[in-house]
Structure formats: C-alpha cells, structure tokens
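For the sequence shown, position 270 (counting from the first letter as 1) is numbered 266 according to this note's numbering, and the numbering increases by one without interruption.
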Amino acid sequence: MFSRSEPLIRGGHMNIVIFTDTFLPKIDGVAVSVENFSRILAGRGHNFVICCPRYGKDDITELGENIKIVRFANFPLPSYPDIKVVLPSLKKLREAMTAYPADLVHIQSPGLMGQYGMLAARYYNVPLIGTYHTLVSEQTTYLNPARLLRVDRLMDYYRKKRKNGPVETAPRVKTKQTRTERIVQRITNWFYEKDMLIISPSHRIKETLREQGVKTPIEVVSNGMDLAVFKGGIKLGPSAKPKLLHVGRISFEKNCDVVLRAFTLIAKKLPGATLDIVGDGPALPSLKSLAASLGVGEKVAFTGFVPRAELPARYLQYDLFITASTMETQGLVVLEAIASGLPCVGVDAYALPELIRHGENGFLARPFDHEEICRHVLSILGDPSLYRMFSARGLQIASEHEINRCALKLERVYESCLRVEAVA
C-alpha cells in the first residue's frame, strides 16, 4: 500500500480527486454540482482531478487552472445508454492520484467510478468521502432483463402499431420495497459506509439513511445554485394562457406520465394552458404516445435536450413548474425553477418538501396522484395574490442555497476530514 509522506494540507491548499459516473458534456445534477464546486474551490487555491467517463468529441479536458480531467473508456448500459459502464484502468488511476499528490478522494456515486475511487483511496492511503446524490434503489427498472436485452424496443414498436395501446409507466405506490430494491439499497449503503463521511444534499436524505441503519457520520451540504445565472424576480401573476413547465431527465422513475395525466385535467379547466417538457431520456417515446392517446398532443411540446446555457432565460418564459418525481435527493431543476420565481407543484417524497414548502412557495400532492396535482395547479393559477406570494417566497428559499455559501461549507468539510486524518 502507498504510504503518505507529505503533509495533509500543503500551504493552505488541498488536492482533491473526484470520482463520478457522470460529468460534462452530459448535464445532470451531479455533473453541475461537481463543475460548480470544483471551479469555486479551485479559485480559492485548491487542486482538483475529476475522474469520469469518456463521452466523445465534445469532451473537455480541463476546466481551467488547478482542475484536471481524466477520462475513462466505457460502453453504454443497453437499457439506458446515458449510463456508462466504465472500464478499469490502473494507468488512469495512477495518473489521477499523482497529477497532484492526492489528499482526499471524493466519490459522487456508487457506480463503477465510485468503486474505483474507493480502491484508489485505499491503495494510496488517503481519506475517502462520498456524496449521496442518487437513490439507486429507485432505478432498478433499468436492471430489468427485458430492458437489458432491448426487448422493450420490440414492445415500443407494437405500441406504435396499436396507436391506443397501453403505455409503459413507472411502478406505482408500493407499501414495501421489491426484493431487487432491498438488495440494491443494502449494497449501496454498504458502499457508502466505507467512507469516513457521507455528504447528503438534503436533510431528508440524511434522515432516510439513518432510518436505513447507516452509522457513518453525515454532513448536509446543498448542491447549491448560481443565483447570478438563475435570477428571476417576483412574478405578479400567471398569464391569461398559462404556460406550464417540466424540466429534467425523461426517465421512467421521474414519473413524467403523472405530469401528463395531471395536465390533461388542467387543460379541460383551462383550455388555453400549455405544457412544455424539457429534456431527453429513455421514457420519451412512451410519453409522446401517452400525450397523443390522452388527446393533449397539440398542447404539449417535447423540446428534447436544451443546452444549459439557454435554461435561465427559458425558465422566465413560464408561469408554473410541475414535477411528479418521487426520488429526488435534492432536485436541481426545482431549485432552478424557484430561483427563477416560479411557483411549484410537486409530490411529498424524499427531498422535495425542503424546496417546495407546502403553502409557502407551492403545493405538494400525494405521490402519483395526478388529480391532486391538478387541483393544486388550478388553485395557484386561480389566485393572483397566492401566486405572487409563492413566487416571492421561492426566491427567498433559493437564496438559502447560494452556490458560494455551499462551496465554503464543502471546503470546511474537506478540511475537517483532513484534520481528523492527521490526528489519526
């Protein structure tokens, strides 16, 4: 095993090696968080190496001074090509851990990159911490053999042939986890318990981990929001023809079909209303079929992927944000929406109640209850004073997650871990 001989913090700066299963040019909450925090803390003199999958010609090789990027070869998961199965490389691991003499390894997921990070930390004898970004047990649908073998493509073909055939949706409310979910949860928690510290983006996820028996110390650090980029003002009231918005990965566990069913009811009460669904993912073909079968195909726009640079201006064009996701560890798109001044309607699950505070900046429905989502949307759109209050309160809540404050808290977490390691 490698033996450390250098001081843990050299002249006030730290060398951090991040292992993440997703990064730029792919855009999601993990990638944005890693980019924002590494840029800010590199600006404070710290050094970062980001280990991540190789995507192709659009890959960036550096983020500026003090930030190096090491890309690993991979192949796509057949059931979800955006997920990369990363191949091991001792050469790449050595490059990452010695580019700057590593002080600390920070893993962002329990996937293969996270496992490589755990092994590297052990071999090079440096402290290991991890951020619990993803409820992996809620994504077991992609481990379905039919998906892995691409039988689902054949099913989609027959659905298109039968225009009004059944549309695949996410599993509905369960009173208990499936066997596969229990196994995945135990493996994930075992993995994170190897860390000296777990970072949770929200208090709700910290509570969930404790309920599941995780004993490792947990620190809550929000992923943060750049309020200089997403900067909305108080909205005075909804448009005469309300424009509703959903943004995010279009995958089955996000329950976008529930949003569509809610909008179908909303459109009956407000014929001028429209819904834009922004994002891409494996559930998109099924959602388009569902919109047509529900009779709202002309009122719903599926924009596909929108570059992140365009999102701040796009949010400002809408009146209200809707999500039915039941698996958020924080909810980057919700944070973007409230920072843009949008009242929100979501569901009472995991971390969403920390951002959508019922009766303060929006309403929460029961999970999968599209009728209750509809009622909440109509209540907000039908009451201009309530709408203004929700918009203003949302801006206040967003300010609690200002990115520089969050980055400084993460810096203190890094320093405290290294102090503990020095004492040990």
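Glycine included, C-beta positions come from ideal geometry on N, C-alpha and C.
Limits of the unbroken alpha helix (DSSP H) element including Asp457
Past the boundaries of the shown model lies residue 457; the chain is included only from -3 to 420, so the question cannot be answered.
Cβ-based neighbour list, His9, same chain, cut-off 7 Å, excluding 5 preceding and 5 following:
Along the sequence shown, one-based indexing puts residue 9 at 13. So the list reads Gly41, His42 and Asn43, once near-sequence residues are dropped.
Could you tell me the distance, in whole angstroms, from the CA atom of Glu324 to the CA atom of Glu91?
Indexing the sequence shown from 1 puts residue 324 at position 328. Indexing the sequence shown from 1 puts residue 91 at position 95. Rounded to whole angstroms, Glu324 to Glu91 spans 34 Å at the Cα level.
Measuring only the C-alpha atoms, how far is Ser29 from Ile399?
As a first step, residue 29 must be located in the sequence shown, where it is residue number 33. As a first step, residue 399 must be located in the sequence shown, where it is residue number 403. The straight-line gap from Cα to Cα measures roughly 9 Å.
Tyr311 to His102, Cα distance in whole Å?
Counted from its first residue, the sequence shown places residue 311 at position 315. Counted from its first residue, the sequence shown places residue 102 at position 106. Going by C-alpha positions, Tyr311 is about 32 Å away from His102.
Other residues of its chain near Ser34: CB distance less than 6 Å, five sequence neighbours each side excluded
As a first step, residue 34 must be located in the sequence shown, where it is residue number 38. Phe44 and Ile63, listed in sequence order.
I think Val274 touches Ile318, with their Cβ atoms under 8 Å apart; what is that distance to the nearest whole Å?
Numbered from 1 along the sequence shown, position 278 holds the residue referred to as residue 274. Numbered from 1 along the sequence shown, position 322 holds the residue referred to as residue 318. Not a contact, Cβ separation roughly 12 Å.
With a CB to CB cut of under 7 Å and the five nearest residues on each side skipped, what residues in its chain are close to Gly107?
For the purposes of this step, residue 107 is taken as residue 111 along the sequence shown, with counting starting at 1. Asp17.
Residues near Arg146 in its chain [Cβ-Cβ closer than 8 Å; skip 5 each side]
Position 150 of the sequence shown holds residue 146. Only weak support is given to the placement of Arg146: the predicted model assigns it a pLDDT of 47, under 50, and the value that follows is read from those uncertain coordinates. Closer than 8 Å at the Cβ level, and outside the excluded window around Arg146, lie Pro74 and Ser75.
Just how far apart, CA to CA, sit Val82 and Leu351?
Locating residue 82 in the sequence shown gives position 86, where the first residue counts as 1. Locating residue 351 in the sequence shown gives position 355, where the first residue counts as 1. Distance between Val82 and Leu351, taken at the CA atoms: about 33 Å.
Might you give, ordered along the chain, the residues of its own chain that have their beta carbon closer than 6 Å to the beta carbon of Leu271, omitting 5 neighbours on each side?
For the purposes of this step, residue 271 is taken as the residue at position 275 of the sequence shown. Leu240, Phe259 and Val296.
What separation, rounded to the nearest whole angstrom, lies between the Cα atoms of Val169 and Pro363?
Looking up residue 169 in the sequence shown gives position 173. Looking up residue 363 in the sequence shown gives position 367. Below a pLDDT of 50, predicted positions are generally treated as unreliable, and Val169, at 49, falls in that range; the measurement from the model is reported next regardless. Taking the straight line from one Cα to the other gives about 7 Å.
Let me know the secondary structure DSSP gives Thr127 once reduced to three states.
Locating residue 127 in the sequence shown gives position 131, counting from the first residue. Of the three classes helix, strand and coil, the one that applies to Thr127 here is strand, per DSSP.
Output needed for Glu306: all residues of its chain with C-beta closer than 7 Å, excluding positions within five of it in sequence on either side, in chain order.
One-based indexing of the sequence shown puts residue 306 at position 310. Counting only Cβ-Cβ distances below 7 Å, and skipping sequence neighbours, we find nothing.
Give the straight-line distance between the Cα atoms of Thr212 and Ser336, rounded to the nearest whole angstrom.
For the purposes of this step, residue 212 is identified with residue 216 of the sequence shown, where counting begins at 1. For the purposes of this step, residue 336 is identified with residue 340 of the sequence shown, where counting begins at 1. Cα-Cα distance, rounded: 36 Å.
At the level of alpha carbons, what is the spacing between Gly233 and Leu360?
Locating residue 233 in the sequence shown gives position 237, counting from the first residue. Locating residue 360 in the sequence shown gives position 364, counting from the first residue. Their Cα atoms are separated by approximately 20 Å.
So, are the CB atoms of Ile194 and Gln104 less than 8 Å apart?
Taking the first residue of the sequence shown as position 1, residue 194 is located at position 198. Taking the first residue of the sequence shown as position 1, residue 104 is located at position 108. No; because the gap between Cβ atoms is not below 8 Å, this pair is not in contact.
Where do the N-terminal and C-terminal ends of the alpha helix (DSSP H) with Ser29 fall, by residue?
Counting from 1 along the sequence shown, the entry for residue 29 is found at position 33. Counted as a single uninterrupted DSSP element, the alpha helix (DSSP H) harbouring Ser29 occupies residues Gly25 to Ala38.
Counting pairs of Cβ atoms below 8 Å between the stretch 204 to 211 and the stretch 380 to 391, do you hit three or more?
The stretch 204 to 211, when compared against the stretch 380 to 391, does not touch it at the 8 Å Cβ threshold.
Does Pro21 pass the burial test, meaning 16 or more other C-beta atoms within 10 Å, or should it be called exposed?
Taking the sequence shown and counting its residues from 1, the one referred to as residue 21 is at position 25. Here Pro21 is exposed: its Cβ has fewer than 16 other Cβ atoms, across all protein chains shown, within 10 Å.
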